[in-house]
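Here's the structure, in structure tokens; my notes come after.
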Amino acid sequence: MELKYLLIIMALLYILPELFRRKPKKYEYPTIPESMPHKPYPDAPKAEPLPIVKPNTVTPKAAMPPEVHIPVVAAEPSPWQGQLTMANIQTGYIFAEILQPPRAYRPIKPSRGLSPRPKE
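In case it helps, UniProt numbering puts the sequence shown at residues 1 to 120.
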């Protein structure tokens, strides 16, 4: 008997809300009017001509003294010119790191400006 009441209550709790719920309306797309042909714009009023300005005939004052021509002395080309490239520098740096003794055998040196560690 109690099972009947339980089933009726469950049916009411699940079915009644569905019955009273509003049904969603079917979406109707709005009507889009057909494109109208573009009307030509009225002629824009013409701008008045600007007054003619005479060019300034005043000569500017000399602010700096005239240039002094100094003969250019050609520097002697360095023998390293074109010999040392960034690739060579990077390769040398890598090999310098590889050829050093392992870090475990090298003492840790303090950087500049810092006091050395106190020995205990």
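For each residue, glycine too, the CB sits at the ideal point set by N, CA and C. The model shown is predicted, which means the values in this text are computed figures rather than measured ones.
Which residues in the same chain as residue i place their Cβ atom closer than 8 Å to its Cβ, once the five residues preceding and following it in sequence are excluded?
| i | result |
| --- | --- |
| R21 | none |
In whole angstroms, what is the alpha-carbon distance linking residue i and residue j?
| i | j | result |
| --- | --- | --- |
| A63 | H69 | 18 Å |
| residue 138 | N88 | Outside the displayed range of the chain (1 to 120) lies residue 138, so it cannot be described from this structure. |
| A44 | E28 | 43 Å |
| L12 | K4 | 12 Å |
| M1 | I8 | 11 Å |
| A96 | Q90 | 10 Å |
| S35 | P42 | 21 Å |
| Q81 | A74 | 15 Å |
| K23 | I15 | 14 Å |
| T61 | P55 | Looking at the sequence itself, residue 61 is Lys, so the reference to Thr does not match. Distance between the alpha carbons of K61 and P55 is about 17 Å. |
Counting only the same chain and skipping the five closest in sequence on each side, list residues whose C-beta sits under 7 Å from that of residue i.
| i | result |
| --- | --- |
| P49 | none |
| P40 | none |
Please work out which residues of its chain come closer than 6 Å, Cβ to Cβ, to residue i, disregarding the five sequence neighbours upstream and downstream, and give them in chain order.
| i | result |
| --- | --- |
| P102 | none |
With a threshold of 8 Å (Cβ to nearest heavy atom), would residue i be considered close to the ligand ATP?
| i | result |
| --- | --- |
| A11 | In the structure shown, the ligand ATP is absent, as is every other ligand, since no ligand is present at all. |
Practice item. Pick out the complete beta strand (DSSP E) segments inside the segment 51-86, 3 residues or longer, and give them in chain order. Key: The qualifying runs do not exist here; there are none.
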